Structure formats: C-alpha cells, structure tokens
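J.: What follows is a structure written as structure tokens; I'll ask about it next.
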Amino acid sequence: MLYDIIIVGAGPAGLTAAIYAGRANKKVLVLEAKTYGGQIINTPDIENYPVEEHISGFDFATKIYNQAKNLGAEIVFEKVIEIKDLGKEKEVVTNKNTYKTKTIILATGSENRKLGLPNEDELVGKGISYCATCDGAFYRKKTVAVVGGGNTALEDALYLSNLVEKVYLIHRRDEFRGEETTVNKLKEKDNVEFIYNSNVTKLNANEKLESIEVTNKDGNIQTINVDGLFVAVGRIPENQNFAKVINLDESGYIVAGENCNTNVDGIFVAGDNRVKEVRQLVTATSDGAIAATEAIKYINQ
Amino acid sequence: MKVIEVNKDNFEKEVLKSDKKVLVDFNAEWCGPCKMLKPIIEEFAESNDNVKVVSINIDDADELAEKYSVFSIPCLVVIEKGKEVKRNVGLISKDDIESLIGE
Chain A
29 MLYDIIIVGA GPAGLTAAIY AGRANKKVLV LEAKTYGGQI INTPDIENYP
79 VEEHISGFDF ATKIYNQAKN LGAEIVFEKV IEIKDLGKEK EVVTNKNTYK
129 TKTIILATGS ENRKLGLPNE DELVGKGISY CATCDGAFYR KKTVAVVGGG
179 NTALEDALYL SNLVEKVYLI HRRDEFRGEE TTVNKLKEKD NVEFIYNSNV
229 TKLNANEKLE SIEVTNKDGN IQTINVDGLF VAVGRIPENQ NFAKVINLDE
279 SGYIVAGENC NTNVDGIFVA GDNRVKEVRQ LVTATSDGAI AATEAIKYIN
329 Q
Chain B
16 MKVIEVNKDN FEKEVLKSDK KVLVDFNAEW CGPCKMLKPI IEEFAESNDN
66 VKVVSINIDD ADELAEKYSV FSIPCLVVIE KGKEVKRNVG LISKDDIESL
116 IGE
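Listed in order, the protein sequences are those of chains A and B. All residue numbers for the first sequence refer to the working numbering, where the first residue is 29 and numbers rise by one. All residue numbers for the second sequence refer to the working numbering, where the first residue is 16 and numbers rise by one.
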C-alpha cells in the first residue's frame, strides 16, 4: 500500500490538511500518538475562531475530526518514531508499523516546556500543573504560584486570582513579555504578589508539593509555601524525531516559509511546529490547507 | 464490560470491595481532555473483562477526589484489593492504559 499523503498529528493543522487532501480524493493516513484535537482540547471556550462566537475546544476537536473522517481520511493511533526520505517514496515508522507514502505533512504541534527540576514529573497532578483552566478548581482557597512571563502565565495568574487565596507570580526578568492590559489587571488584584528577577530552583514535597525554593538574580534564596505551582514557561515543538531528515532552527522548529515546504521535496509542515510569528488556531488550520495543497501539487506534477 | 458510574455511596462496594482490579477514571464535565479520554476508556472497558472500569465525576464526589489527592484531571488510578497500585495524570492512549493496568 502506497499512501498519497501521510499526516503526522491529528490536531487542527493535521486534520485540516486531511480535509483538503480528502476533498482532492487523495489516499490519506493520519497518524496520532494520543488522540485527536491537539492542544486546543484544553481550551474551555474559543472566542477568536471566525464564524463560531463560542465553541469549546472539545467540540471543535470532535467536529474537525468527524469532518476529516467523513471526507475519507484514515486515522490511526500510533506514535511516529522516524521518517525516512527514499526520494520519490517516503517511509513513516511508528511504534507498530512502517507505512509507505508519496508525501508527508508534519503537524505534530508542541508540548509544554518543563522547568527541568528533578522531581517535577512525579509531582504532576500532586501540585505541579501546566494548565490553570484544567486544574485551577482544585486549588480553591489555597495558595499557588505561577511561573512565567508571557501571556499564558499572565492569564493563568488572573484566572487563578479569582479562585484561590493567593497567587505568587514568579518571573525571571523585571518586565513581562505578555500584554500590558493583563499586567495592569493583575496589579489591581490584592491577592497577587509579583516576584521579579527570580527562578524556581527547587520543589519541596512530601507526597505532594509543599513549598518552592525561589532564587533571585543576586543569589538570594527564599522558600514559599504553596499548594500548587502552575508552570507557564512556553512550549517546545515536537520535532526531535525528524531532526535527522528535516532542518530545524535553534529552538527546534521546522524551518519553512508560508508555503510550508521543508528542505526535503515531498515533506511539508503545518501548524505550531513550524517557524512562525503567530501560533493560533486559525494559523494552524491555514497551514493545514496550504501544506495539503502543496502536497497535492507535488503528487500531481 | 460497561463503565460504571461511581460516587461516594457505591465507592466502597464497587471499588474497594471489588474482586477484580479496578481502573478509576476521575473526570469532570468542564474538562476537555477528560471528554477526549472518555471514548478511549469505554473502548478499553469493552475489551477488558478482567478489569472493572469506573468513572467518578469529581464535582459530584469531591470527597473522593480529596481522599485520593487528585489535583489534576483526567486522572486514572488503578486499585487492587482496596489499595492504589498505579496512577496516571493526563490524557493517554489505549495502549498506555493497557500498560498502566499491566498483568
């Protein structure tokens, strides 16, 4: 069996590519490690995707999945470990099978960046969280810290400030990258305390998180008692498995312009794992359309 | 087997006194990843008769969430002879559920 297009990742970018490829009657396989939808499933309410004023991430994911399936896409839940460029044909190796295809679209998105502290992984769900809207409700009337300086960190802190007793916002610089309006809203909150020029350097736990050690740029250390620590220090692209074949930039994003072409003929990229300025739902679906169109053009030439 | 809805009233009977190994799925209506996990859990339950699969809505049973120190959902807890033996936080695949259960 030789597929026309194999899409790696069933988030909004990958599934949009599947819709376009399906409408062009191409033989399409979508490979997904977990389940469809990608990062958007964590969003309770999407307000900035054209046409729908409000839609939950879950409903969005379910609709786009059904649309791709109804247009003929085959969606298989296997983890892609490697891709091989054999010239006119490519191979995609998963944890279970090897598939042959004429083209590949890489739409693997990104995952949460971790702090990189020794016991961080074992404390996930026991005080460490990467999603304030998912887990905030468990910390009602408790004390939490948010670490990060971008929009996600600011919005998480604001969301949590309405739920919890106290929020510490820890940022390694003295200025935030995120929007000023959100910073100003946070400054008006009595229960938000800013800790600038500092990093979280240790997680103290006994079964669950009890306190964090915070070190400032002068080397002064303080220990803060918290029930929860929300980590919002950015995201990292999931491209490690393609690095042998595909050119990545220094942050690990796939180097490609707006036409979604990578350095390899017949291999394309779509969505958050591509070098780009704006990473939004609408730019992910846009990439999906472009990558599929480029792949179809490549097959037909 | 079908997934059984459990709350604090039937938790002891369905989970703690179960002869079979129990997979407990802590979830909530407002949690997107939990809703994504639901059909995967159901598929797992249908194809694994040797495991009892139960679902707990944490908004209806916050005392159970507290008892098991659930601070993030979806959270899967494996309970054998009344005791927790394994746990996974976050969305996972059916294969990962199978390896979580083990034998």
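Even for Gly, the Cβ is constructed at its ideal location relative to N, Cα and C. Values in this document were obtained by computation on a predicted structure and should not be read as measured data.
#1: Between Gly85 of chain A and chain B, is any beta-carbon pair separated by less than 8 Å?
#2: Could you give the distance in angstroms between the alpha-carbon of Lys107 of chain A and the alpha-carbon of Lys217 of chain A?
#3: With DSSP as the reference, identify every bridge partner of Thr129 of chain A, one or two as the case may be.
#4: Suppose contacts are defined by Cβ-Cβ distances below 8 Å. Is Leu115 of chain B in contact with Pro89 of chain B by that definition?
#5: Give the single residue among A:Thr321, A:Cys162, A:Val36 whose Cα lies nearest to the Cα of Ile270 of chain A.
#6: Could you tell me if Gln329 of chain A is buried or exposed, where buried requires 16 or more neighbouring beta carbons within 10 angstroms of its beta carbon?
#7: For a contact defined as C-beta to C-beta under 8 Å, what are the partners of Ser157 of chain A on chain B?
#8: Does DSSP put Ala298 of chain A in a helix, a strand or coil?
#9: I'd like the list of long-range same chain contacts for Gly100 of chain A, defined as Cβ closer than 6 Å, with 5 residues on each side in sequence excluded.
#10: Answer yes or no: does any C-beta atom of chain A fall closer than 8 Å to that of Ser108 of chain B?
#11: Between which two residues does the beta strand (DSSP E) holding Gly256 of chain A run?
#12: Taking 8 Å as the limit between beta carbons, can you name the residues of its chain near Thr290 of chain A, skipping five residues before and five after?
#13: Could you tell me the alpha carbon to alpha carbon distance between Ile47 of chain A and Glu102 of chain A, rounded to whole angstroms?
#14: Assuming Glu117 of chain A and Lys130 of chain A are in contact, meaning their beta carbons sit under 8 Å apart, how far apart are those beta carbons, in whole angstroms?
#15: I need the DSSP call for Leu24 of chain A, collapsed to helix, strand or coil.
#16: Run through chain B and tell me which residues come within less than 8 Å of Gly256 of chain A, C-beta to C-beta.
#17: By how many angstroms is the C-alpha of Lys32 of chain B removed from the C-alpha of Asp110 of chain B?
#18: In the DSSP assignment, find the unbroken alpha helix (DSSP H) run with Ala165 of chain A in it and report its ends.
#19: Give me, in chain order, the residues of the same chain whose beta-carbon lies closer than 7 Å to that of Ile264 of chain A; leave out the 5 immediate sequence neighbours on both sides.
#20: I want to know whether the stretch 188-202 of chain A touches the stretch 163-180 of chain A - three or more CB-CB distances under 8 Å.
#21: Among B:Asn65, B:Gly47, B:Glu44, which residue has its Cα nearest to the Cα of Lys17 of chain B?
#22: State yes or no: is the beta carbon of Gly66 of chain A nearer than 8 Å to at least one beta carbon in chain B?
#23: Examine chain B for any beta-carbon lying closer than 8 Å to the beta-carbon of Lys62 of chain A, and answer yes or no.
#24: Can you tell me whether Ala271 of chain A is helix, strand or coil according to DSSP?
#25: Starting from Val310 of chain A and walking both ways along the alpha helix (DSSP H), at which residues does that stretch end?
#26: Name the chain A residues that come within less than 8 Å of Gly97 of chain B, Cβ to Cβ?
#27: By how many angstroms is the C-alpha of Thr313 of chain A removed from the C-alpha of Gly42 of chain A?
#28: For Asn244 of chain A versus Glu238 of chain A, is the C-beta distance shorter than 8 Å?
#29: Assuming Phe86 of chain A is part of the alpha helix (DSSP H), what are its boundary residues?
#30: Just grab the DSSP bridge partners of Arg51 of chain A for me.
#31: Please confirm if Ala105 of chain A has its CB atom under 8 Å from at least one CB of chain B.
#32: Three-state secondary structure (DSSP) at Lys124 of chain A?
#33: Taking 8 Å as the cut-off, decide whether the C-beta atoms of Val104 of chain A and Leu30 of chain A are in contact.
T.: Put simply:
#1: Chain B contact via Cβ: present.
#2: Rounded to whole angstroms, the separation of the alpha carbons of Lys217 of chain A and Lys107 of chain A is 44 Å.
#3: DSSP lists A:Tyr31, A:Lys118 as partners of Thr129 of chain A.
#4: No, the Cβ-Cβ distance between Leu115 of chain B and Pro89 of chain B is not below 8 Å.
#5: The sequence as given places Phe at residue 270 of chain A; Ile does not occur at that position. Closest by alpha carbon: A:Val36.
#6: So Gln329 of chain A counts as exposed.
#7: Chain-order list of chain B residues neighbouring Ser157 of chain A: Phe86, Ser87, by C-beta distance under 8 Å.
#8: DSSP places Ala298 of chain A outside both helix and strand once states are collapsed to three, so it counts as coil.
#9: If we look at Gly100 of chain A and ignore the five residues flanking it on each side, its Cβ neighbours are Gly50.
#10: Yes, because at least one Cβ of chain A sits closer than 8 Å to the Cβ of Ser108 of chain B.
#11: It spans 256-259 - the beta strand (DSSP E) in which Gly256 of chain A sits, taken as one unbroken run.
#12: Answer for Thr290 of chain A: Leu134, Ile274, Asn275, Ile282, Val283, Ala284, Phe296, Val297, listed in chain order.
#13: Distance between Ile47 of chain A and Glu102 of chain A, taken at the CA atoms: about 11 Å.
#14: Confirmed, about 7 Å.
#15: Given that chain A is displayed from residue 29 to residue 329, the structure contains no residue 24 of chain A and the question cannot be resolved.
#16: Those are Phe86, listed as they occur along chain B.
#17: About 27 Å.
#18: Looking at the DSSP string, Ala165 of chain A is not in any alpha helix (DSSP H), and its letter there is neither H nor E.
#19: These residues qualify, in order along the chain: Ser138, Glu139, Arg141, Gly280.
#20: Contact between the stretch 188-202 of chain A and the stretch 163-180 of chain A is present, because at least three Cβ pairs lie under 8 Å.
#21: The residue among B:Asn65, B:Gly47, B:Glu44 with its C-alpha nearest the C-alpha of Lys17 of chain B is B:Asn65.
#22: Gly66 of chain A does not count as touching chain B.
#23: Answer yes: the Cβ-Cβ gap between Lys62 of chain A and chain B drops below 8 Å somewhere.
#24: Residue state, collapsed to three classes: coil.
#25: Here the alpha helix (DSSP H) through Val310 of chain A covers 309-328.
#26: What Gly97 of chain B touches in chain A: nothing, since even the nearest Cβ is about 19 Å away.
#27: Between Gly42 of chain A and Thr313 of chain A, the C-alpha separation is close to 8 Å.
#28: Against a cut-off of 8 Å, the Cβ pair of Glu238 of chain A and Asn244 of chain A comes out as no contact.
#29: Run containing Phe86 of chain A: 85-98, per the alpha helix (DSSP H) assignment.
#30: Looking at the DSSP output, Arg51 of chain A sits in no beta bridge, so it has no partner there.
#31: The question names Ala, yet the displayed sequence has Phe at residue 105 of chain A. Yes - at least one Cβ of chain B is within 8 Å of the one on Phe105 of chain A.
#32: Three-state result, Lys124 of chain A: coil.
#33: Cβ distance not < 8 Å, so Val104 of chain A and Leu30 of chain A don't count as in contact.
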